[in-house]
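Just so we're aligned, residue 15 is where the sequence shown starts under my numbering, counting upward by one.
Since the structure comes first, as structure tokens, the remarks are kept for the end.
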Amino acid sequence: MFTKIDIPNFGSYQNFVWDQSVKDDKGQTTEFKRLNIIYGRNYSGKTTLSRIFEAIQHQRMPENYDNPDFKVVLDCGTVITPQNLGACAHKIQVYNKHFVDDNLSFLRRTDGDIKAFATLDLLRKSLFDRHPVQNSSN
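Okay, structure coming up:
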């Protein structure tokens with residue numbers, strides 16, 4: 015899966031180098047985990063960062079970014095850039111404002127609805143694989 019990301023130029027990010035910026039409490043460089051939640055104050059770059067992963071998810075760059083440049087490193091050594099967005103074999107899902115607008119529009123509009131999305135099935139399958147349901151018939 016993803017291990018780190020360098021962002022020479024993308025939206026509000028300029029010359030962001032993972033190994034210089036992302037450290038644990040002991041000062042050691044850390045990596046992305048299987049599940050990552052990104053939070054921060056307003057205008058701190060959360061949405062911009064999510065758009066990079068959204069570009070990989072949909073295999074297309076968002077509009078209105080001048081000379082976008084980033085490098086997402088996978089645990090297998092593959093490096094994803096704006097030129098090879100399809101190089102990621104993993105299925106990813108980005109839960110950002112776009113996801114909410116597209117799938118949970120009832121949160122934003124009175125006539126909105128909920129669209130089904132496969133992530134729930136993947137989670138359910140993963141949980142049942144680890145914790146099979148016991149049939150208790152007495």
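For glycine and all other residues, C-beta sits at the position ideal for the given N, C-alpha and C.
- Residue pairing of I66 in beta bridges, as defined by DSSP: absent, with no partner found.
- Residues G126, D127 and I128 of the same chain have their beta carbon placed closer than 7 Å to that of F120, with the five preceding and five following residues left out of the count.
- Among the bridge pairs identified by DSSP, T43 is matched with K37.
- Per DSSP, D125 has no beta-bridge partner at all.
- Contact annotation: V31 and D39 have beta-carbon atoms that are not nearer than 7 Å.
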